[in-house]
Structure formats: structure tokens, C-alpha cells
Amino acid sequence: MDQQAEVAAFGMWNFLATEVRLFGIMLFSYTAYRGVYPEGFAEAGRHTRIVIGTVNTVILLPGSFVVASTVHPAERDRGPAPRRSHRERDACSSTRKRNSAGWPCFLLRGSGNRHLKGCAMA
249 MDQQAEVAAF GMWNFLATEV RLFGIMLFSY TAYRGVYPEG FAEAGRHTRI VIGTVNTVIL
309 LPGSFVVAST VHPAERDRGP APRRSHRERD ACSSTRKRNS AGWPCFLLRG SGNRHLKGCA
369 MA
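Read in order, the letters of the sequence shown correspond to residues 249 to 370 in the numbering used here.
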């Protein structure tokens, strides 16, 4: 068990280091190019559509929250499956089979958890 915990911790730190490198390079590149080509960035800024960006953000953030708040407890096996509204449940495709806890099987395939009992794809 100790070895598994060490490997899990190493994997998490490796993932975090990779993310820092990736986003560090991206932010550095953005800053460098913005300094070299300020006119191009100013021109692009004039073409930005704030309403479209705002609507996109308003749509994406709640969806990410719903996925994170429902999948995480199921992976940790903490109590019963969280109750979800009809709209959230239908967004996960009501045409597919669900396991005994009510989780859509296509969300659980390949995740290595114990919630796959009764999952047979339609």
C-alpha cells in the first residue's frame, strides 16, 4: 500500500510539473509575441466579440462544474451517487444504459472504478 501511495504522489507531481511547463511556455510565448508585435495584438483586440466570449464562458463553466461535482464522488466511492436534476441527467444522454447507482455507463468506462456493475451498452 505504501508503494501505491508513493507512485500516486509521484504521478501527481509529475502531472503538475508537466502542466507548469506547458502553461509557462504558453504564457511566455504570448508575452514575448505581444511585446514584439503590439500592433497585431491591438488589431486582433478590435475584432474580439465580447458577447460571444461571455456566452461561451457562461456555457462552459457550469458544465465543467457538473461533471466535476458528480464524477469525483463516484470515483472516491463516497456514499450514494449524487442526485442530479432532470436536465443534468438528460444532458448525459438518457438513451444509454445506466448502472445500478444511476451513473451513465459511457462516463464510467475505462475509469477503473467499481461502479461498472450492470453496465451494458445499448
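Ideal placement from N, C-alpha and C gives every residue a C-beta, glycine not left out.
Original post:
First and last residue of the alpha helix (DSSP H) that includes Thr266?
Top reply: Asp250 to Val284
**OP:** Under 7 Å Cβ to Cβ from Arg324, same chain only, skipping five residues before and after it: list those, please.
**Re:** none
**OP:** Please check the pair Arg282 and Phe289, which I expect to be a contact at CB under 8 Å, by giving their CB distance rounded to whole angstroms.
**Re:** 5 Å
**OP:** Drop a sphere of 10 angstroms on the beta-carbon of Thr318, count the other beta-carbons inside from all chains shown, and report buried for 16 or more, exposed for fewer.
**Re:** buried
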